[in-house]
Amino acid sequence: MRKISLYILILLINFNNCFFGQLSKVPVLVQHYMEHQERSNGLAFRDFIAMHYLGQDIDDNDDERDMQLPFKKVDPHSQHIVFIPSRIYTSTVSFVPLDSHFVNKYKTNFHTNPYLGSLFRPPIA
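For the sequence shown, the working numbering begins at 230 and goes up steadily by one.
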């Protein structure tokens with residue numbers, strides 16, 4: 230049972246991937262090629278691919294059907310990575326208080342310029 234569920238999980242993850250999802254549209258490609266072959270006798274598969282993928286598609290009022298072809302439209306997918314750790318390791322950090330005479334206090338060595346104190350000052354007359 231675990232093996233079957235593993236195969237189903239792998240299948241679902243792969244079909245979520247863009248490449249395998251587009252390969253499931255190959256029967257639509259074959260059906261659309263048959264439709265074009267009925268309309269224009271002697272259309273080679275090479276010409277069909279060139280017409281739909283490599284060049285300008287002729288205006289034959291089947292744009293919706295053309296967009297159903299594989300690799301014609303990019304579908305946004307996200308890749309899900311399942312990670313289940315076998316063991317959970319925790320570490321504890323002990324707190325050690327520091328003496329106050331060891332702590333360095335911040336000191337600025339820069340001298341401030343009074344003219345740069347405010348960007349929006351009224352002009353001085």
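C-beta atoms are modelled at their ideal positions from N, C-alpha and C, and glycine is treated no differently. Predicted model only: the values in this text are computed from it and were never measured.
- Across the structure, glutamate 267 and leucine 252 are spaced so that their CA atoms are roughly 24 Å apart.
- Assigned with DSSP and collapsed to three states, arginine 316 falls in coil, not helix or strand.
- Here the alpha carbons of glycine 250 and valine 311 stand approximately 19 Å from one another.
- Apart from the 5 residues on each side of it in sequence, aspartate 295 sits with its Cβ closer than 8 Å to the Cβ of His261, His281, Asp286, Lys301 in its chain, given in chain order.
- When Asn243, Val259, Arg275, Leu235 are compared, the shortest CA-CA separation from glutamine 297 is found for Val259.
- DSSP places leucine 283 in the helix class (H, G or I) of the three-state scheme.
- A check of alpha carbon separations from aspartate 289 across Pro326, Asn243, Ser269 identifies Ser269 as the nearest.
- A distance of 8 Å or more separates the beta carbons of valine 255 and proline 314.
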